[in-house]
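Residue numbers (our numbering): 385 to 677.
What follows is a single structure, written as structure tokens, with notes after it.
Written out as structure tokens, the structure is:
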């Protein structure tokens, strides 16, 4: 008999609690072993999420990823989850020390935060929770939105993010846009995952010639508040994680303006993902494969 939603929720709570206890105690060689073994197993088993990721990368970049890049992708994905479980045990200076930011982009970010405000749109790349923790630990309080995958997962991740200085709204909260507008006006940095659309309010854009639906929220919140809109991407390095920034996205009026602003983000995301494909953690169908240029 399949497990009930309540049983799944309880199991996920137990697994997450165990991970939070165990992972922070694991030495780096053990974490590396977990990532290496997990990557090798995933590639040898040809698991469905990895096949979907490979399809996404081929459509995003025009190149089919080989076994080496597939291993890197699973290592990156596992690294993110291990880091998220360990983040509550890290001190602010440890978080800041794991992250380096492009100096010019960071300068623009901090000037925008000082006025008129800033909205950051991110692809699902690298560890966006670590990026939010870095921002909050360096004087940039963050507000964001998360997908409500399940009550246990949502509660656990919300608690972790709150401890990092990140306020979280659920993606299905009808008052989310209003709250995000208020957050910008209250001096918070609004950071939104902006490659995948979780609801029904997205706009159609082109990514490497393929049609995708991306959320209009970042452009909408930026335009309503007058905030600077930036594309922000995270990728891993040998020493930690690097954050890169787009140039400010030009505000344009009307529904066509929202689409144009979102297209600008898609163009920047596509270049970023092409440069750092292993760190793009999109393992669900992403592209409309029936639509080309």
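Using N, Cα and C, we set each Cβ at its ideal position, and we do this for glycine too.
Values in this document were obtained by computation on a predicted structure and should not be read as measured data.
Go ahead and pull the three-state DSSP assignment for residue 666. Annotated three-state conformation of residue 666 is coil, per DSSP.
I need the straight-line Cα distance from residue 679 to residue 424, nearest angstrom please. The structure shown has nothing for residue 679, since the chain only spans 385 to 677.
For the putative contact between residue 508 and residue 665, defined by C-beta atoms under 8 Å, what is the C-beta separation to the nearest angstrom? So it is a contact: roughly 5 Å between Cβ atoms.
Report the residue from 488, 460, 603 whose alpha carbon sits nearest the alpha carbon of residue 587. Selected option, being the one with the closest Cα: 603.
Check residue 555 in the structure and name its three-state DSSP category. Reduced to three states, the DSSP call for residue 555 is coil.
Could you compute how far the alpha carbon of residue 526 sits from the alpha carbon of residue 653? Rounded to whole angstroms, the separation of the alpha carbons of residue 653 and residue 526 is 21 Å.
Using a 10 Å radius around the Cβ and a threshold of 16 neighbouring Cβ atoms, would you call residue 459 buried or exposed? Buried, by the Cβ-count rule.
Taking the beta strand (DSSP E) that residue 599 falls in, what are its first and last residues? Note, residue 599: beta strand (DSSP E), 594-599.
Length-filtered (4 minimum) alpha helix (DSSP H) runs lying within the segment 594-645: Runs found: 601-609.
Check whether the segment 549-568 touches the segment 606-617, taking contact to mean three or more Cβ pairs, one atom from each stretch, closer than 8 Å. Three or more beta-carbon pairs separated by less than 8 Å link the segment 549-568 to the segment 606-617, which places the two stretches in contact.
Is the segment 500-507 touching the segment 612-620 in the sense that three or more CB pairs, one from each, lie closer than 8 Å? Contact between the segment 612-620 and the segment 500-507 is present, with at least three C-beta pairs closer than 8 Å.
Whole-angstrom distance between residue 647 and residue 639, CA atom to CA atom: In a straight line, the C-alpha of residue 639 is about 12 Å away from that of residue 647.
Tell me, please, whether the segment 466-482 touches the segment 516-524 by the rule of three or more beta-carbon pairs shorter than 8 Å. Contact check between the segment 466-482 and the segment 516-524: three or more CB pairs, one atom from each, fall below 8 Å, which counts as touching.
Expected contact under 8 Å - CB spacing of residue 436 and residue 592 to nearest Å: Between residue 436 and residue 592, the beta carbon gap of about 17 Å keeps them out of contact (Cβ cut-off 8 Å).
DSSP three-state assignment for residue 524, whether helix, strand or coil: If DSSP states are grouped into helix, strand and coil, residue 524 belongs with coil.
Comparing the C-beta of residue 602 with each C-beta of chain C, is any distance below 8 Å? In the structure shown, chain C cannot be found, because there is only a single protein chain.
Which term fits residue 642, buried or exposed, when burial requires 16 or more other beta carbons within 10 angstroms of its beta carbon? It is buried - the Cβ of residue 642 has at least 16 other Cβ atoms within 10 Å.
Could you tell me which residues DSSP puts in a beta bridge with residue 577? Paired residues: 506.
Please classify residue 630: is it buried, with 16 or more other beta-carbons within 10 angstroms of its beta-carbon, or exposed? Burial call: buried.
Contact set for residue 626: own chain, Cβ-Cβ below 6 Å, skip 5 residues either direction: So the qualifying residues of the chain are 484, 619.
Have a look at 645, 662, 534 and flag the residue whose alpha-carbon is nearest the alpha-carbon of residue 589. Of the candidates 645, 662, 534, the one whose C-alpha sits nearest the C-alpha of residue 589 is 645.
In the DSSP assignment, what residue or residues form a beta bridge with residue 591? Answer by DSSP bridge pairing, in chain order: 594.
Look at residue 407 and residue 466 and say whether their C-beta atoms are less than 8 Å apart. The answer is yes: Cβ separation under 8 Å.
Closest by C-alpha distance to residue 454, when choosing among 469, 661, 514, 672: It is 661.
Residue 460 in three-state terms, based on DSSP: Here residue 460 sits in helix by DSSP.
CB-CB under 6 Å to residue 658, same chain, minus the five flanking residues each way: which ones, in chain order? Setting aside the 5 residues that flank it on each side, residue 658 is surrounded in the same chain by 445, each with a C-beta closer than 6 Å to its C-beta; the list follows chain order.
Could you check which residue in 450, 489, 471 has the C-alpha nearest to that of residue 633? For the residues 450, 489, 471, the minimum Cα distance to residue 633 belongs to 489.
Mark residue 663 as exposed unless 16 or more other C-beta atoms lie within 10 angstroms of its C-beta, in which case mark it buried. Buried, since its Cβ has 16 or more Cβ neighbours within 10 Å.
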